[in-house]
Every structure is written in structure tokens, then in C-alpha cells.
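Below is the structure:
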């Protein structure tokens, strides 16, 4: 899920703003006017439903004009977005751009190629008795990739292009026939701090690209400035884990590519601190970061996105042992514990998992999903980023982490429950929790332990929005003013009527008194 906010100032109408989209491509998106370099403005095309299909259609929140992408698809949604004020070309919103980019996997079609000279020892199917026997073959593959001349390095004072060996993911299966690939991945390197002379010798387009890349990837290298060794180690491990989740291996100057086990050595934190101080600190950015698709750096450097990763295909065959059913019976009798028995059974994989449906009321606070039941006695730990026992994930691949300084609304608690700080309608969907694999603790189970289908219902008691309250108060004020005006008019009219009635009554009383006096005088004159 991705939400992009439209920078609307208070009092402005949302109808004046339209979202524009620039998909990634090889065309440059820079313009240079009087020496000032910026993005091409205006650019792109207004977002419309015709550009997308199915669940990939972005949603527009009418009240705030926010752009909400419920199911992010790298093939459709990668690009640059901005909320343009169509009535004012100088509005600040026209200069606030959102870049949505991803790091493409090294095995992406068209971005990798096999080395030309593959040693004979790496060809064919390798029959090994155990999984651990594959390590030597993978080391030989790494050495062959390292020695291959298919990849050429390029270097300039500002931006360079190089390559690094990356670790190979271990196979999910423990026996049988399977294929693995060993990769030598392309990286763009930039300095952490750019010297003044280097800054003045490069073009404005390269400087703009450098600043954007440095700002984007600086968060992966903040641990270098940490003085405390323990804190620096923890921050470095967290940065490496975050980079791995985003699809690339984090490299830095001084981090060696381990091709063979005999090259490994115990590195103390003092040695690492000395290396960080002495080495030229540079950021390593994968060449196939989608933002680089349109970037053409200089005449000395090729287009980074056009560089190819190198790889070697390896085929393995590990025999599966035959299971003696009497051994299983004896194992159960000996262990008397089904969990221990599952660990001992080669090839056993738990496929069963619970599918539950939960209903939440929109606007609920601190709503939790538990990985298990409330009476579960197992204690889970999700406070240590390097040793999670539970992984929360959605079918589209989105995972959840503990709350950070960004104050995420949906996060994982220290007890591994998935918490919604405030439930919204967009939270409706499927959430699955995964446990560690019994046999391979460094991997997650292939099947979920519990899967929740969360349904959001509107609250029967719904408080009006602040805008509705203000509108109601305004209408009441106008109605009260009308009533006061009518009351004043009626009061004046009533006063006038009463005054006229009193005058008329007084006049009648005077006429009656005069008539009475005249009658008395008449009687007196008769006598």
C-alpha cells in the first residue's frame, strides 16, 4: 500500500489539483534553462483509470485529494507523481515530486547474462551426498565470476560503476534435483561527501542525480557516524537487514567479497572502526534501481541501467533417504515429542494452517491480530530486528515491522501481534503470520501459521467530521440570526400596536368622561 499526499494549503479547493504521472523510461526528465536544472515541468499525463486495470487502479480520497495505491505493482506504478495545481502554474505543489522506485532482482529478464567462459568443473549436474557439500561448488562459482572479464569497471570522481559478488539464497528443499544461480551484481558508487573541486567539474544534471541518490541511500550508512561500537554494530546489522528486504546486498568500502571460506577472518570492531576511518567512504547503489532507467551520466560512463549482471547456472542432485517406518515408530517412542520428531524427519514440512475471519469496527483504536490464540503459552519476540520469531505478511508481499520514529499506523508489537493504531476502511484484506522453519531457523516457513481475513464495518455510532460540525454550526447561526431578526420585527410591530391601542383606549375614556359630565350638567340644569 502506498499513500501520496497532495500539498493543499488550508482554504484551497481540491478541484484545482490534478495528479500527474511520469512512467519510468529511457527518456530524460531533466531540463536546463539559463543554467538552472530541474525536472521537466509540466510533464507527464493526468492519471486516469484507463492507464491501469483490476486491483492496480489507484484510488483518490476526495476529502484530502490523497492518492492511494492499494496494490503496488512495480510494472505499472513505478515512476514520478506530482499533484499539480492546474489554475496556478507557480503553486508550490507543482514542485513537490514523488519518486516511486524499486530495486529490480538480479535475475530479472534482460538484466543478467551468463559468463562466456564457464569452467568445465561447473558444468553438468553435480551429484552431492549432502547439502553442505554444495558449498565448495558455490565457492568455485564465485571464483569463476570474480575472474570473468565480461564486466568492465568505470570510474569518475563523482560516479563510478563496479560489481560485487552477492550471497546465494539457500534452497528450500533438502533433497532432490534443483538449480541455483551465483550472481555478480552491478553497483553504482557515489562519495558520501563531494569535494568542492569535483562539484565544480561536473554538469548540473549529474549533480542533481548525485544529490537525489545520496539523499535516498544515506539512511543505509548513518551507522558510520556512530561513535559507540555496540550501537554502530546494531545499526549496521539493521541497515543490512533493511537493504536485504528491499532486494539488494548492502556494500561499503572495506567490506570484502568472501569467495572462499579460507578467506574469512575474525574482524574486531576496532579493526572495522579503523577501516571506516581510513577507507574512502562511498555509497553502493544497485545499477538496476528503477530511477536510474532514464539517467545517462556522461560520455565516460555508460547508462547504469543498461549494464548486465553476471551469473552462473548450477544444477545439483541430492539423494533423498528412504524412510523406514519402524524408525519413525521408534523415534516417537524415544522422543515422546512430536515437535522433536518433526525436526528429525528429513523432508517434513507443515502444510496445515488456520484460516480465520475477524471483523473490526472502523475507527477502533489499538486493534490487534494475534499469531495464534489468546491462551497460547509460547512467548514470541519481535523487539530484536535481527531475531524475529514471527513475520507478518500480506499476499502481495508487503511485510510489517516494529514502529519507528515515523509513527506507523500499522506495526508489529514487541509480542509479535499486528496492531492497528486506528482502523481504517483501507485495512480490509488478508494478513498472514509466519514462523521460523523448524529445520532451517534462518528461514521462514513456506506456508502461513495463521491467516486472517479482516473485514471492516462502519460504526453504528459515527461522529460527524469537523467539516460537517462547522457547517452545522454555520447553519444554526444563520437560522438563529433570522429568528432574532424576525423577533425584533415582531417586537417593534407589537409595540406599535400596543401604543395605538392605548391611545385609542384613552381617547374613548375621555369621550366617555366628557359624555358623563355633560349628562350630569344637563340633569342639574333641569332641576
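In the working numbering, the protein residues as written are -6 to 520. Note that CB positions come from ideal geometry on N, CA and C, so glycine has one too.
Report, in whole angstroms, the separation of the C-beta atoms of residue i and residue j, which I expect to be a contact under 8 angstroms.
i           : j           : result
residue 111 : residue 297 : With 8 angstroms as the limit, residue 111 and residue 297 do not qualify as a contact, their Cβ atoms being about 26 angstroms apart.
residue 108 : residue 210 : Contact doesn't hold; Cβ gap of about 28 angstroms is too wide.
residue 178 : residue 302 : 5 angstroms
residue 349 : residue 445 : 5 angstroms
residue 364 : residue 241 : Going by Cβ atoms, the distance from residue 364 to residue 241 rounds to 29 angstroms, so no, they are not a contact pair.
residue 118 : residue 310 : 5 angstroms
residue 355 : residue 204 : Rounded, the Cβ-Cβ distance is 42 angstroms, inconsistent with contact.
residue 170 : residue 304 : Wrong, their Cβ atoms sit about 19 angstroms apart, outside the cutoff.
residue 281 : residue 96  : 7 angstroms
residue 372 : residue 275 : So it is not a contact: roughly 43 angstroms between Cβ atoms.
residue 160 : residue 191 : About 33 angstroms separates the two Cβ atoms, so there is no contact after all.
residue 64  : residue 389 : 6 angstroms
residue 420 : residue 464 : Actually they do not touch by this definition, with Cβ atoms about 28 angstroms apart.
residue 233 : residue 226 : Going by Cβ atoms, the distance from residue 233 to residue 226 rounds to 11 angstroms, so no, they are not a contact pair.
residue 220 : residue 228 : Rounded, the Cβ-Cβ distance is 12 angstroms, inconsistent with contact.
residue 175 : residue 127 : Wrong, their Cβ atoms sit about 11 angstroms apart, outside the cutoff.
residue 198 : residue 17  : That belief does not hold up - the Cβ atoms of residue 198 and residue 17 are roughly 17 angstroms apart, past 8 angstroms.
residue 284 : residue 81  : Rounded, the Cβ-Cβ distance is 28 angstroms, inconsistent with contact.
Terminal residues of the continuous alpha helix (DSSP H) containing residue i?
i           : result
residue 178 : Premise fails: residue 178 lies in the beta strand (DSSP E), 169 to 184, not in any alpha helix (DSSP H).
residue -4  : No alpha helix (DSSP H) contains residue -4, which is instead part of the beta strand (DSSP E) from -5 to -3.
residue 190 : 189 to 193
Which residues does DSSP list as the beta-bridge partners of residue i?
i           : result
residue 424 : 445
residue 279 : 180
residue 13  : 39 and 75
residue 429 : 437
Which stretch, first to last residue, makes up the beta strand (DSSP E) that contains residue i?
i           : result
residue 347 : 347 to 354
residue 307 : 302 to 311
residue 45  : Taken as a continuous stretch (DSSP letters only), residue 45 belongs to no beta strand (DSSP E), as it is neither H nor E.
residue 105 : 105 to 107
Does any C-beta atom of chain D lie closer than 7 angstroms to the C-beta of residue i?
i          : result
residue 55 : Among the chains in the structure shown there is no chain D, since it carries only a single protein chain.
key: Inside the stretch 111 to 162 only - alpha helix (DSSP H) runs reaching at least 4 residues   = 127 to 140
Is the number of C-beta pairs between the stretch 414 to 429 and the stretch 377 to 388 that are closer than 8 angstroms three or more? yes
* **Length at least 3, wholly inside the stretch 49 to 103: the beta strand (DSSP E) runs in chain order** => 52 to 54, 59 to 62, 72 to 78 and 91 to 93
Requested in this report: Evaluate the contact criterion for the stretch 481 to 498 versus the stretch 450 to 458: three or more CB pairs, one atom per stretch, below 8 angstroms.
Outcome: no
I'd like the ranges of any beta strand (DSSP E) spanning at least 3 consecutive residues and lying wholly in the stretch 356 to 427. 358 to 362, 383 to 386, 403 to 405 and 411 to 415
May I ask you to verify whether the stretch 65 to 79 touches the stretch 140 to 160, counting CB pairs closer than 8 angstroms and requiring at least 3?
no
Touch test, the stretch 96 to 104 against the stretch 39 to 46, Cβ-Cβ under 8 angstroms, three pairs minimum: no
| query | Do three or more CB pairs link the stretch 53 to 61 to the stretch -4 to 16 at distances below 8 angstroms? | reply | yes
Discussion item. Runs of 4 residues minimum, wholly inside the stretch 196 to 257: which ones carry the alpha helix (DSSP H) assignment?
Written reply: 197 to 210 and 222 to 239
Report the start-end ranges of each beta strand (DSSP E) in the stretch 440 to 509 that is 3 residues or longer and not cut off at the edges.
443 to 450
Note to self: Does the stretch 398 to 405 come into contact with the stretch 70 to 90, if we say contact requires no fewer than three beta-carbon pairs (one atom in each stretch) closer than 8 angstroms?
What the structure shows: no
Okay, do the stretch 156 to 166 and the stretch 432 to 442 touch, 3+ Cβ pairs below 8 angstroms being the bar? yes
The stretch 352 to 359 in contact with the stretch 408 to 423 per 3-pair CB rule at 8 angstroms
yes
Open item on the list: Pairs of beta-carbons, one from the stretch 130 to 137 and one from the stretch 211 to 218, closer than 8 angstroms: are there three or more?
Closed with: no
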